[in-house]
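Only one structure is covered here, and it is reproduced in the block below.
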Amino acid sequence: MRPLPRSLSGWSMAVFGVLAAAMGAVGLIDPDALLAIMNFAPVAGTRRVAGDHTLIFLTASSMAALNMGVYYVLASLSDWKAFFRWTVPFRLLTCTVFTLTVVGGRAPSGFLAVGLWEGLGAVATGMALYFERRRAPASAGTDGPVAA
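Everything in the sequence shown is counted per my numbering, starting at 7 for the first residue and increasing by one.
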């Protein structure tokens with residue numbers, strides 16, 4: 007593998023991956039800091055009521071974000087464009103679901119930033135893929151991971 011992404015779409019995936027992994031790590035190390043970053047009011051552990059599973063869900067989603075971030079970075083380093091394309095509709099779906107969660111009153115407005123982050127990242131990757139495809143000759147490139 008090369009040490010840096012080789013395409014604009016690869017860079018969009020790498021940036022998203024590094025941010026996702028970093029946020030996941032923050033959530034695992036200091037869940038209250040992650041809540042504060044997302045503009046949620048943290049609740050001190052001693053003030054949590056019995057049956058409050060917030061920290062469990064925060065740990066699970068932080069671990070998923072860390073893993074996903076690493077997958078995205080590794081895919082970006084191998085310029086795995088098929089993977090990049092697969093992520094675009096699902097990141098747009100995530101944006102839609104998170105946005106509707108806020109609009110429907112199930113989440114505070116600060117959660118909208120998470121949906122927008124997903125949506126903007128998906129659009130950036132999708133646009134990069136579109137422009138790369140238009141510039142490349144029809145026979146150029148590969149859709150699988152590329153060995154360095």
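No residue lacks a Cβ here, since even glycine has one placed at the ideal position from N, Cα and C.
Could you give the first and the last residue of the continuous alpha helix (DSSP H) run that contains residue i?
i    : result
L122 : 118–141
S82  : 60–83
W17  : 14–35
L10  : Taken as a continuous stretch (DSSP letters only), L10 belongs to no alpha helix (DSSP H), as it is neither H nor E.
Pick from the options: whose alpha carbon is nearest that of residue i?
i    : options             : result
S68  : A26, L122, A42, L83 : A26
Y136 : Y77, G23, A28, K87  : K87
W17  : L40, E138, R112     : E138
S13  : T65, V55, S82       : S82
G121 : L98, G111, A66      : L98
P9   : F117, L72, V79      : V79
Classify residue i: buried if its beta carbon has 16 or more other beta carbons within 10 angstroms, exposed otherwise.
i    : result
C101 : buried
V103 : exposed
V109 : exposed
F63  : exposed
Any 3 or more C-beta pairs closer than 8 Å across the stretch 121–130 and the stretch 87–100: yes
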